[in-house]
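What follows is a short report on a single structure.
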Amino acid sequence: MNRAPKDPLLGCVESFFRDYLQRLRGASPHTVRAYRDTLRLLFIYLADTKGCAVADLQLSDLRVDEIAAFLTQLESVRANAIATRNCRLAAIRSFCKHLIRVDLPHAEQYQRILALPAKKCRQPLAVYLEAEEVHAIIDQPDRRTALGQRDHGLLLFLYNTGARISEALAVCCADLHLTPPRQVRLHGKGRKDRLCPLWRETTQALQRLPTVRDGKPGGFVFVNRQGQPLTRDGVAYLLRKYVAAAIPSAPTLRRRKITPHVLRHSCAVALLQSGVDITVIRDYLGHASVATTSRYLTTNLQMKRAALEAFWKRAGITPVNAKPWHPSPDLLAFLASL
Numbered sequence: 049m050n051r052a053p054k055d056p057l058l059g060c061v062e063s064f065f066r067d068y069l070q071r072l073r074g075a076s077p078h079t080v081r082a083y084r085d086t087l088r089l090l091f092i093y094l095a096d097t098k099g100c101a102v103a104d105l106q107l108s109d110l111r112v113d114e115i116a117a118f119l120t121q122l123e124s125v126r127a128n129a130i131a132t133r134n135c136r137l138a139a140i141r142s143f144c145k146h147l148i149r150v151d152l153p154h155a156e157q158y159q160r161i162l163a164l165p166a167k168k169c170r171q172p173l174a175v176y177l178e179a180e181e182v183h184a185i186i187d188q189p190d191r192r193t194a195l196g197q198r199d200h201g202l203l204l205f206l207y208n209t210g211a212r213i214s215e216a217l218a219v220c221c222a223d224l225h226l227t228p229p230r231q232v233r234l235h236g237k238g239r240k241d242r243l244c245p246l247w248r249e250t251t252q253a254l255q256r257l258p259t260v261r262d263g264k265p266g267g268f269v270f271v272n273r274q275g276q277p278l279t280r281d282g283v284a285y286l287l288r289k290y291v292a293a294a295i296p297s298a299p300t301l302r303r304r305k306i307t308p309h310v311l312r313h314s315c316a317v318a319l320l321q322s323g324v325d326i327t328v329i330r331d332y333l334g335h336a337s338v339a340t341t342s343r344y345l346t347t348n349l350q351m352k353r354a355a356l357e358a359f360w361k362r363a364g365i366t367p368v369n370a371k372p373w374h375p376s377p378d379l380l381a382f383l384a385s386l
């Protein structure tokens with residue numbers, strides 16, 4: 049009995065992830081998972097549209113009209129933001145570039161997909177907290193308990209380093225250097241490591257943690273009750289709890305939607321307000337381009353107000369003896385006669 053030939057679509061998907069992404073490009077696990085989720089959603093959508101099983105899909109089903117409809121469905125049905133839609137399109141483009149290399153006879157079909165443009169979207173302003181608001185949150189954990197010490201150290205660490213939540217949760221004991229010069233090695237996006245200095249307060253808070261005091265070099269610093277690494281959802285839950293507890297002392301927190309990434313923005317703005325050069329902040333936060341860091345210049349209203357006041361004084365526009373203006377009866381009579 050002759051064996052059925054291997055499905056070409058499945059073979060292309062396997063070579064895309066194993067040969068191209070992991071071996072040739074050395075993509076990070078985060079990138080692999082993001083691309084995997086995108087193709088999974090795409091194949092499910094194509095199968096539902098065609099009325100067949102995912103296993104019955106062929107390379108010929110990857111056409112520009114179907115891809116465009118899939119992108120529209122992401123926004124209309126799944127309520128994805130435009131930025132998410134563009135990320136999905138980037139993953140599909142990468143897959144199509146691979147298909148051109150391994151399936152040259154259908155290159156024109158894939159080139160049409162590559163011509164699909166990314167959708168323009170408005171860049172939202174970065175939400176950040178003032179230093180007083182951040183300290184109100186950091187002061188909430190009960191440091192008399194082990195979990196309270198962990199939460200206090202985590203919040204201090206996020207604000208001190210401006211780390212992405214994935215970077216903070218990936219920190220191991222071996223990444224910490226808690227003697228002068230106090231610093232931590234963060235494993236950032238794109239397999240880029242960077243060193244961040246630590247405050248004395250952050251160092252002391254970390255030294256109280258059992259995972260740091262008694263832990264192994266390869267052990268994670270921030271763990272849950274079961275000794276497993278904290279998750280994104282777990283940190284988001286903790287932050288919401290402490291924000292709610294801090295509202296009586298900082299009422300302005302009531303109007304904010306605060307996520308762990310807001311602490312990263314708050315760190316960046318605090319550095320900017322302290323007069324740190326924007327290129328240094330770029331390296332501190334691990335941004336690939338200074339253009340990403342520049343968004344904090346447009347966000348910070350306090351610096352704009354200070355710049356405007358300095359310009360006003362330097363321009364000499366303020367009158368020396370300014371007197372309030374009062375309309376005269378004659379002027380009012382004139383206006384009444386019009």
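Each number in the numbering used here comes from the position in the sequence shown (counting from 1) with 48 added on. Heads up, the beta-carbon is just placed ideally off N, CA and C, and yes, glycines get one too.
Tell me residue i's beta-bridge partners as DSSP assigns them.
i: Val271; result: Pro277
i: Leu234; result: Arg242
i: Cys220; result: Phe268
i: His225; result: Gln231
Since residue i is in the beta strand (DSSP E), which residue starts that stretch and which ends it?
i: Val150; result: Run containing Val150: none in the beta strand (DSSP E); it sits in the alpha helix (DSSP H), 130–150.
Could you tell me the boundaries of the alpha helix (DSSP H) in which residue i lies?
i: Val338; result: 338–341
i: Ser297; result: Careful: Ser297 lies outside any alpha helix (DSSP H) and carries neither H nor E.
i: Thr79; result: 77–98
i: Phe118; result: 112–124
i: Ser314; result: 308–321
i: Glu178; result: No alpha helix (DSSP H) holds Glu178; DSSP gives it neither H nor E.
i: Asp331; result: 326–333
i: Tyr207; result: 194–209
i: Cys169; result: No alpha helix (DSSP H) holds Cys169; DSSP gives it neither H nor E.
i: Leu254; result: 248–255
i: Ser63; result: 56–63
i: Val260; result: 258–261
i: Leu164; result: Per DSSP, Leu164 belongs to no alpha helix (DSSP H) and is neither H nor E.
Residue i and residue j look like a contact to me (Cβ under 8 Å); what is the Cβ gap, rounded to whole Å?
i: Leu217; j: Phe270; result: 6 Å
i: His313; j: Tyr176; result: 4 Å
i: Arg343; j: Ala174; result: 6 Å
i: Ile140; j: Leu90; result: 7 Å
i: Cys169; j: Ala194; result: Going by Cβ atoms, the distance from Cys169 to Ala194 rounds to 44 Å, so no, they are not a contact pair.
i: Gly210; j: Tyr68; result: With 8 Å as the limit, Gly210 and Tyr68 do not qualify as a contact, their Cβ atoms being about 33 Å apart.
i: Gly334; j: Arg242; result: 5 Å
i: Thr259; j: Phe268; result: 7 Å
i: Leu137; j: Ala166; result: 6 Å
i: Ile306; j: Leu320; result: Their Cβ separation, rounded to whole angstroms, is 19 Å, which puts Ile306 and Leu320 out of contact at 8 Å.
i: Leu57; j: Leu105; result: 6 Å
i: Cys60; j: Leu152; result: With 8 Å as the limit, Cys60 and Leu152 do not qualify as a contact, their Cβ atoms being about 12 Å apart.
i: Val150; j: Ser63; result: 6 Å
i: Ala336; j: Glu180; result: Actually they do not touch by this definition, with Cβ atoms about 32 Å apart.
i: Gln157; j: Ala294; result: Not a contact, Cβ separation roughly 56 Å.
i: Arg261; j: Gln255; result: 7 Å
Output yes if chain D places a C-beta closer than 8 Å to the C-beta of residue i; else output no.
i: Arg212; result: The structure shown has no chain D; it contains just one protein chain.
With a cut-off of 8 Å, do at least 3 Cβ pairs link the stretch 271–282 to the stretch 175–184? Pairwise C-beta distances place the stretch 271–282 out of contact with the stretch 175–184, as fewer than three of them are shorter than 8 Å.
Is it true that the stretch 230–248 meets the stretch 195–203, where meeting means three or more beta-carbon pairs spaced less than 8 Å apart?
They do not touch, by the three-pair rule.
- Could you tell me whether the stretch 145–164 touches the stretch 101–113, where touching means 3 or more Cβ pairs closer than 8 Å? These segments touch.
| said: Whether or not the stretch 283–295 and the stretch 219–226 are in contact is what I'm after, with contact meaning three or more pairs of Cβ atoms, one per stretch, closer than 8 Å; do they touch? | reply: No contact exists between the stretch 219–226 and the stretch 283–295.
Contact between the stretch 111–128 and the stretch 85–98 is defined here as three or more beta-carbon pairs at a separation below 8 Å; is this criterion met? The stretch 111–128 is in contact with the stretch 85–98.
Q: Decide yes or no for the touch test of the stretch 310–330 against the stretch 205–214: beta carbon pairs closer than 8 Å, at least 3 of them.
A: Output reads yes: the stretch 205–214 touches the stretch 310–330.
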